[in-house]
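Below you'll find the structure, written out as structure tokens, and then a few comments.
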Amino acid sequence: GNSVTQMEGPVTLSEEAFLTINCTYTATGYPSLFWYVQYPGEGLQLLLKATKADDKGSNKGFEATYRKETTSFHLEKGSVQVSDSAVYFCALSDVTAGGTSYGKLTFGQGTILTVHP
Amino acid sequence: DGGITQSPKYLFRKEGQNVTLSCEQNLNHDAMYWYRQDPGQGLRLIYYSQIVNDFQKGDIAEGYSVSREKKESFPLTVTSAQKNPTAFYLCASTRERSYGYTFGSGTRLTVV
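In structure tokens:
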């Protein structure tokens, strides 16, 4: 079955530091890949996505590249801010057995990021 | 603005009670999903529906039930058969898998 493995947290950084959160996946076919962010007590927000190999998703200074050869989708940001403190989830979406276009999201366990001033 | 509304935000259940969590979307999305979130375990799929009057079990469906009588609504019932229902429940929807999923703000269920 499909699976997503994220680097274990928590990750603690100082403001303006470089961020990398590793994500690798196992899936059949060609999944779409996502990063979601969750702030305390809230639902998940889509941060960025990539739908095919070598695509780069980007948003709010965050980037991730779909690497099919290494089955990875690592999240990076060059300079983090205190406001980036949250839980980050890597996820993949694959087609269902019925072949519909909707799929099911499979999540990693989440990585807690804390940024200090 | 379009989005997903989950209610209530907090819900308390007594032992042996069934409770229903509401999820409504005005995004005109066909597919809707229920996930359960426990600390340190990520999100696990309970049920999903890709069309009205049809739904499928996810990875942890035991002790839960759903209905999809309208495109906009996908309520989740947590039955007394669910032995450990205390968790954060998230509803999501999508129009197509590469588009991404829109999530509601969640319902926190606590057994008292």
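As given, the protein sequences belong to chains A and B, one line each in that order. Under my numbering, the first residue of the first sequence is numbered 205, with each subsequent residue one higher. Under my numbering, the first residue of the second sequence is numbered 56, with each subsequent residue one higher. Idealized CB from N, CA, C, for every residue including glycine.
If you pair each beta-carbon of the stretch 261-281 of chain A with each one of the stretch 66-81 of chain B, do three or more pairs fall below 8 Å? no
Evaluate contact between the stretch 238-258 of chain A and the stretch 281-297 of chain A, counting only Cβ atoms and requiring at least three cross-stretch pairs below 8 Å. yes
Taking the straight line between their C-alpha atoms, what separation do you get for B/G161 and B/G118? 19 Å
How about A/S297 and A/G307: are their beta carbons less than 8 Å apart? yes
Less than 8 Å between the CB atoms is what I'm expecting for B/D109 and B/R150, so what's the real figure, rounded? Not quite, the Cβ-Cβ distance comes to about 17 Å (not below 8 Å), so this is no contact.
Enumerate, from N- to C-terminal direction, the unbroken beta strand (DSSP E) stretches of 3 or more residues contained entirely within the stretch 241-289 of chain A. 248-254, 260-263, 266-269, 279-281
In terms of residues, what are the limits of the beta strand (DSSP E) holding A/T230? 227-230
Among residues of its own chain, excluding the 5 on either side of A/G302, which ones have a beta-carbon nearer than 7 Å to its beta-carbon? No answer about A/G302 holds up, because its pLDDT of 49 lies below 50 and its placement is not dependable.
Using a C-beta to C-beta distance shorter than 7 Å, which residues of chain B count as neighbours of A/K308? L100, Y103
Can the beta-carbon of B/T141 be found less than 8 Å from the beta-carbon of B/V166? yes
C-beta neighbour in chain B for A/K281, strict 8 Å: no
Please classify A/K308: does DSSP put it in a helix, a strand, or coil? strand
Who are B/F158's beta bridge partners in DSSP? B/A147
Would B/Y102 and B/V121 be called neighbours here (beta carbons separated by less than 8 Å)? yes
Which of the residues in the stretch 144-165 of chain B, read from start to end, lie with their CB under 7 Å from any CB of chain A? L145, T149, E151, R152, S153, G155, Y156, F158, G159, S160, G161
What residues from chain B crowd round A/F293, counting only those whose CB sits closer than 8 Å? G97, L98
Residues of chain B with a CB under 7 Å from the CB of A/F311: which are they? G97, L98
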